[in-house]
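Everything below concerns the one structure shown next.
2 protein chains.
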Amino acid sequence: MTEIRQPTPRRGTNLPRMGDFNLTVILEAIRRSTLGLSRVELAQIVGLSPQTISNISRRLLDQKLIVEAGKEGSGPGKPRTILRLNPAGMYAVGVHLDPAVITFVVLDLLGDVVRHSRMATPGGDPAGVITSIAEQIRVLIEESGVDASKIAGLGVAVPGPIDLDEGSVVEPPLLTRWNRVRIREALTEATGLETLVDKDVTSAAVAETWAGGASGAGSFVFMYMGTGIGCGIVLNDEVVRGTSGNAGEIGHIVVDPDGPLCDCGQRGCVKSSCIPQVVVAEAETAGVLDGHREGADGPEVQERFAELCDKADAGDEKAIAILEKSATLVARAVSVVTNTLDVERVVFGGPFWGRMAPYFLERVPGLLDRNNAARMIHDLDVVGSGVGEDVGAIGAACLVLEHMLAPRAQRLLLEG
Amino acid sequence: MTEIRQPTPRRGTNLPRMGDFNLTVILEAIRRSTLGLSRVELAQIVGLSPQTISNISRRLLDQKLIVEAGKEGSGPGKPRTILRLNPAGMYAVGVHLDPAVITFVVLDLLGDVVRHSRMATPGGDPAGVITSIAEQIRVLIEESGVDASKIAGLGVAVPGPIDLDEGSVVEPPLLTRWNRVRIREALTEATGLETLVDKDVTSAAVAETWAGGASGAGSFVFMYMGTGIGCGIVLNDEVVRGTSGNAGEIGHIVVDPDGPLCDCGQRGCVKSSCIPQVVVAEAETAGVLDGHREGADGPEVQERFAELCDKADAGDEKAIAILEKSATLVARAVSVVTNTLDVERVVFGGPFWGRMAPYFLERVPGLLDRNNAARMIHDLDVVGSGVGEDVGAIGAACLVLEHMLAPRAQRLLLEG
DNA sequence: ACGAGGGGCATCAGTGACTGAGATCCGGCA
DNA sequence: TGCCGGATCTCAGTCACTGATGCCCCTCGT
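Quick look at the structure:
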């Protein structure tokens with residue numbers, strides 16, 4: 006109800022911007038083709054003239070971002086020279102700062118992991134932890150054997166909420182000491198790398214666009230199944246961050262009218278009825294899992310959740326029922342998001358996804374389809390992410406690649 | 006779970022596209038300034054050089070889209086010539102095809118209504134209705150006295166779901182005979198005007214960006230309070246349509262765990278617990294409104310709803326309680342959307358909004374703020390639309406203006 | 001009243017990205 | 001070996017934006 010901010014008119018564009026943008030467009034086309042593309046094919050795909058493609062290809066070759074990879078001659082005529090991404094053309098470092106564990110990766114231009122490591126999240130003073138992170142990054146880069154000058158930057162994925170301007174997390178429930186610590190600045194200084202900070206779920210969505218193959222194109226919602234459940238949103242190949250970078254907060258969507266009371270005052274929110282911690286607790290109460298540990302932290306929950314999945318895999322009907330129920334509830338939340346945004350695909354991923362996948366993939370697509378408001382117009386694909394468990398850290402690194410090399414509309418616009 | 010469609014790579018851009026885009030950028034800057042802008046101011050705002058601004062201004066002046074409107078001299082030096090939108094530079098016709106009533110407007114370039122009319126929606130054969138609509142449009146244009154050559158096109162707002170490719174509605178609950186009728190083609194032919202079809206809630210959001218002033222800038226959700234409740238989404242000044250144009254379906258967000266059973270199988274969906282029809286029924290059951298008419302249609306519901314508001318305005322506590330409850334429930338749905346998208350503003354509007362506004366504006370902002378996941382980072386403004394009751398039809402006309410003159414990123418891209 | 005000063009705006013090249021036409025290159029095939 | 005067809009390159013040509021320069025017009029001081 007406060008006064009409306011002065012609108013910031015969309016700024017114009019000019020020749021250099023246009024050139025840079027077209028370069029990223031071509032790079033993206035090459036990136037998205039598994040086998041590489043020739044110049045003529047590129048011309049057809051991106052709609053620019055062959056000459057322009059040649060010119061831009063030359064720039065990309067000069068920058069070592071692509072390489073000529075053999076010829077492909079079918080029939081008469083000069084064979085096409087295939088252009089392919091040069092994996093070693095650029096690298097990025099990604100860090101996922103999770104309340105339980107910090108994951109590190111070095112990614113090449115293809116989005117493949119060159120090297121990774123992890124450490125338990127120290128509980129101490131953030132300043133000290135940042136020093137450790139910087140040191141760990143130094144070691145990782147050294148071990149990876151990557152030319153330091155080829156490292157484009159550092160991406161950091163953190164749990165929300167975040168303040169994009171500050172490059173900090175704001176009152177994160179499980180990292181209380183990190184409130185408003187300026188992580189971006191601190192790590193820029195500590196590592197000498199240009200640093201980007203973003204939410205873990207957003208990073209995961211970016212990972213999917215960069216390293217996820219076909220499932221990372223177009224418009225989709227990335228359901229991040231971690232200690233919490235959040236989503237990353239990609240519309241028309243561009244990630245949606247929201248005004249402050251906090252898009253994707255779906256923890257308080259009501260999915261179970263009979264569910265437990267949530268701190269928000271409602272019953273059966275996602276956050277209080279289907280995140281892994283709750284599912285594990287439910288299994289304990291139902292006697293499917295023995296013991297009952299209150300306040301288990303991240304890795305422990307994951308362990309217990311794996312136990313639950315083991316039982317289900319072994320045919321324990323109660324365990325199966327619990328997982329199926331959680332799939333049903335999650336599907337309701339997903340339905341809300343997909344109906345609101347009318348995306349073409351839902352991609353599931355995150356550290357807990359691997360184990361729950363079979364149970365979810367069996368139920369969720371049908372439930373989503375049933376509740377799909379655009380059911381009569383288009384299908385809604387449901388797929389598991391191809392990126393794997395480290396999607397947070399990989400996504401963090403992809404933030405850097407995306408920022409430098411993705412054809413974002415923003416890139417065209419003049420700034421400041 | 007079907008196979009993933011071949012991605013459509015983002016296409017490149019070229020010089021002419023760039024020029025056109027910059028033209029729309031400048032037009033938007035002028036449009037958004039209430040008092041007009043001089044060339045120098047424009048240069049500063051859009052970031053282009055004064056020369057470029059001059060060149061583009063000339064093109065805009067030639068096209069009669071803007072006019073030089075006096076000088077503004079403060080201090081020494083040549084006074085600035087103010088450039089302002091020429092309201093008569095372009096017109097658009099909008100039709101809102103609602104199950105109960107069809108609204109027609111002719112809009113000028115400023116988004117002001119030049120002329121409007123309405124008729125009860127005939128129940129007959131769609132083909133016949135389309136003929137009536139075309140005739141009504143002809144009359145309206147004639148009465149408006151607008152130069153027919155200045156009419157850029159026709160926009161049609163329809164209730165969802167829609168098929169954007171076909172330009173049709175698909176199994177609309179209250180317009181059953183219109184299923185998959187190709188409205189766009191039919192009206193293009195019947196009127197000779199280029200026609201665009203879109204969802205009413207999306208149109209309303211576009212109306213806000215075009216005719217809503219400051220509240221139509223940036224990122225916001227337009228809550229359309231009509232026979233049903235839906236939302237239009239605008240992110241970074243661009244409307245979000247979704248894969249098939251069906252974004253904004255929020256009817257099955259659960260807002261009341263104790264609410265009535267919905268046809269989707271859940272309890273307390275928006276659709277079954279807080280749309281006006283339900284609120285009226287509730288008031289009837291509670292004895293606040295006398296009588297009890299099952300299956301009341303559009304206009305009747307609006308009448309009854311107005312009665313309810315009259316009682317509340319007069320101090321009837323039961324009536325007030327009913328309205329407040331509906332505000333609370335709607336706020337929960339809005340929270341889900343705003344937390345998912347992290348927008349900066351919620352704009353309420355639609356035919357029912359005017360009467361409910363005071364009750365909603367009193368409660369909703371507080372409730373939203375309490376549930377705002379980014380509460381610590383930024384405020385969430387809540388405002389009533391400045392566009393008024395005919396926002397559907399006005400939005401329909403704005404679809405045309407937006408399509409031709411808004412600086413959409415899409416405009417830069419080469420096509421097929 | 002008049003001239004100086006200053007800001008707004010137009011004119012004129014200049015730059016650079018895309019385009020089109022033609023040349024060149026590179027195999028396969030007769 | 002020579003011809004053919006397709007891919008790519010070379011070379012101008014076009015056009016939008018930029019920078020430099022100068023004219024225009026108004027206010028202010030004398």
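As they're listed, the protein sequences go chains B and V.
If you count by the numbering used here, then the first sequence holds residues 6 to 421, one letter each, in order.
If you count by the numbering used here, then the second sequence holds residues 6 to 421, one letter each, in order.
Each residue gets a CB set at the ideal place from its N, CA and C atoms; glycine is no exception.
Suppose you measure from the CA of I31/V to the CA of H408/B; what does that come to, to the nearest Å? As a first step, residue 31/V must be located in the second sequence, where it is residue number 26. As a first step, residue 408/B must be located in the first sequence, where it is residue number 403. So the two alpha carbons sit approximately 27 Å from each other.
From this set, P363/V, R350/V and E322/V, which residue's C-alpha is nearest D386/V's C-alpha? Locating residue 386/V in the second sequence gives position 381, where the first residue counts as 1. With distances taken between Cα atoms, D386/V lies closest to R350/V.
Closest to P281/B by C-alpha separation, out of I167/B, G253/B and I234/B, would be which residue? Within the first sequence, numbered from 1, the residue matching residue 281/B stands at position 276. The shortest C-alpha separation from P281/B is found at I234/B.
Chain V contacts made by the segment 123–150 of chain B, where a contact means CB separation under 8 Å: none
State the start and end residues of the unbroken beta strand (DSSP E) segment that holds L90/V. What you label residue 90/V is simply residue 85 of the second sequence in a count that begins at 1. Start and end: R85 to L90.
Judging by CA-CA distance, which residue of I327/B, G78/B and R143/B is the nearest neighbour of A3/B? Absent from the structure is residue 3/B, since the part of chain B shown begins at 6 and ends at 421.
Any beta-carbon of chain V closer than 8 Å to the one on Q68/B? Looking up residue 68/B in the first sequence gives position 63. Not an interface residue.
Outcome for G75/B when other beta-carbon atoms lying within 10 angstroms are tallied against a minimum of 16: On the first sequence, position 70 is the one that residue 75/B refers to. The residue is exposed, with fewer than 16 neighbouring Cβ atoms inside 10 Å.
Mind listing which residues of the segment 258–270 of chain V have their C-beta closer than 9 Å to chain B's C-betas, in chain order? Residues passing the 9 Å Cβ filter: I258, V259, V260, D261, P262, D263, G264, C269 and G270.
So within the segment 264–311 of chain V, which uninterrupted alpha helix (DSSP H) runs reach at least 4 residues, ignoring any that extend past its ends? 275–278 and 281–290
With 8 Å set as the bound, which would you pick, yes or no: does the beta-carbon of R16/V sit closer than that to a beta-carbon of chain B? Residue mapping note: residue 16/V aligns to position 11 of the second sequence, counting from 1. Answer yes: the Cβ-Cβ gap between R16/V and chain B drops below 8 Å somewhere.
Minimum Cβ-Cβ distance from I9/B to chain V less than 8 Å: In the first sequence, residue 9/B corresponds to position 4, counting from 1. Residue confidence for I9/B is low, a pLDDT of 40 falling below 50, so the modelled location carries little weight; the figure read from the coordinates is stated next. Taking Cβ atoms only, chain V reaches closer than 8 Å to I9/B, which makes this a yes.
Just curious, the alpha helix (DSSP H) that M409/V is in, first and last residue? As a first step, residue 409/V is located in the second sequence; it is residue number 404 there, counting from the start. Note, M409/V: alpha helix (DSSP H), V396 to L410.
Rounded separation between T7/B and A219/V - CA only: In the first sequence, the residue the question calls residue 7/B occupies position 2. In the second sequence, the residue the question calls residue 219/V occupies position 214. The pLDDT assigned to T7/B is 35, lower than 50, so where the model puts this residue is not dependable, and the model offers no usable value.
Alpha carbon to alpha carbon, how far is P166/B from V436/B? Give it in angstroms, no decimals. Residue 436/B is absent from the structure shown; chain B starts at 6 and stops at 421.
Simplified DSSP assignment, three categories, for K103/B: Translated into the one-based positions of the first sequence, residue 103/B becomes position 98. What sits at residue 103/B in the sequence shown is Asp, not Lys. Coil, per DSSP.
Proximity to L366/V [Cα-Cα], best of T345/V, V388/V, M230/V and D384/V: Residue mapping note: residue 366/V aligns to position 361 of the second sequence, counting from 1. Nearest of T345/V, V388/V, M230/V and D384/V to L366/V, Cα basis: V388/V.
From the beta carbon of R187/B, is the nearest beta carbon of chain V less than 8 Å away? Here residue 187/B is taken as the residue at index 182 of the first sequence, counted from 1. So, not an interface residue.
Burial state of T39/V, where buried means 16 or more other Cβ atoms lie within 10 Å: For the purposes of this step, residue 39/V is taken as residue 34 along the second sequence, with counting starting at 1. The residue in question, T39/V, is exposed, as its Cβ has fewer than 16 Cβ neighbours within 10 Å.
By the criterion of Cβ-Cβ separation under 7 Å, what are the contact partners of R272/V in chain B? Here residue 272/V corresponds to residue number 267 of the second sequence, with the count starting at 1. Under the 7 Å cutoff, chain B gives P262.
Residues from the segment 157–181 of chain B in contact with chain V, defined by Cβ distance under 8 Å: G165, P166, I167, D168, V175 and E176
In the DSSP assignment, the alpha helix (DSSP H) including F357/V goes from what residue to what residue? Residue 357/V sits at position 352 when you count from the first residue of the second sequence. Careful: F357/V lies outside any alpha helix (DSSP H) and carries neither H nor E.
Cβ pair I50/V, R89/V closer than 8 Å: Against the second sequence, residue 50/V aligns to sequence position 45. Against the second sequence, residue 89/V aligns to sequence position 84. Not in contact: I50/V and R89/V (Cβ atoms no closer than 8 Å).
Own chain, CB closer than 8 Å to G17/B, minus 5 neighbours either side, in chain order: Residue mapping note: residue 17/B aligns to position 12 of the first sequence, counting from 1. Excluding sequence neighbours, G17/B sits near L418 and L419.
Round the Cβ separation of A139/V and L192/V to the nearest angstrom and send it over; I've been treating them as touching at under 8 Å. For this step, residue 139/V is matched to residue 134 along the second sequence. For this step, residue 192/V is matched to residue 187 along the second sequence. Correct: roughly 7 Å between the Cβ atoms.
Can you check whether the C-beta of A1/B is within less than 8 Å of a C-beta belonging to chain V? The structure shown has nothing for residue 1/B, since chain B only spans 6 to 421.
Since I156/B is in the beta strand (DSSP E), which residue starts that stretch and which ends it? The residue given as residue 156/B occupies position 151 in the first sequence. That run of the beta strand (DSSP E) goes I156 to V163.
Have a look at the DSSP bridge pairing and note the partners of R187/V. By one-based count along the second sequence, residue 187/V stands at place 182. DSSP output for R187/V lists S173/V as bridge partner(s).
Could you check whether the Cβ of A212/V sits closer than 8 Å to any Cβ belonging to chain B? Walking along the second sequence from the start, residue 212/V turns up at place 207. No, A212/V lies away from the interface with chain B (no Cβ there is under 8 Å from its Cβ).
By Cβ distance below 7 Å, which residues in the same chain neighbour L404/V in space, the five residues on each side in sequence not counted? Sequence index remark: in the second sequence, residue 404/V carries index 399 (1-based). The beta carbon of L404/V sits closer than 7 Å to those of G160, L201, D203, S208 and V211, all from its chain and outside the five residues before and after it, given in chain order.
Round the Cβ separation of G150/B and M230/B to the nearest angstrom and send it over; I've been treating them as touching at under 8 Å. Against the first sequence, residue 150/B aligns to sequence position 145. Against the first sequence, residue 230/B aligns to sequence position 225. Between M230/B and G150/B the Cβ distance is about 33 Å, and since that is not below 8 Å, they are no contact.
With a cut-off of 8 Å, does the C-beta of G253/V fall near any C-beta of chain B? By 1-based counting over the second sequence, the position of residue 253/V is 248. At least one chain B Cβ lies under 8 Å of G253/V.
Counted within 10 angstroms of its Cβ, other Cβ atoms place P55/B as buried (16 or more) or exposed: Counted from its first residue, the first sequence places residue 55/B at position 50. P55/B is exposed by the Cβ-count criterion.
Assess, as a yes-or-no matter, whether the segment 331–342 of chain B is touched by the segment 246–253 of chain V under the definition of 3 or more beta carbon pairs within less than 8 Å. no
Compute the Euclidean distance between the alpha carbons of E394/V and G400/V, then round it to the nearest angstrom. Walking along the second sequence from the start, residue 394/V turns up at place 389. Walking along the second sequence from the start, residue 400/V turns up at place 395. C-alpha separation (whole angstroms): 11 Å.
Does A48/V come out as helix, strand or coil in the three-state DSSP assignment? Taking the first residue of the second sequence as position 1, residue 48/V is located at position 43. Helix, per DSSP.
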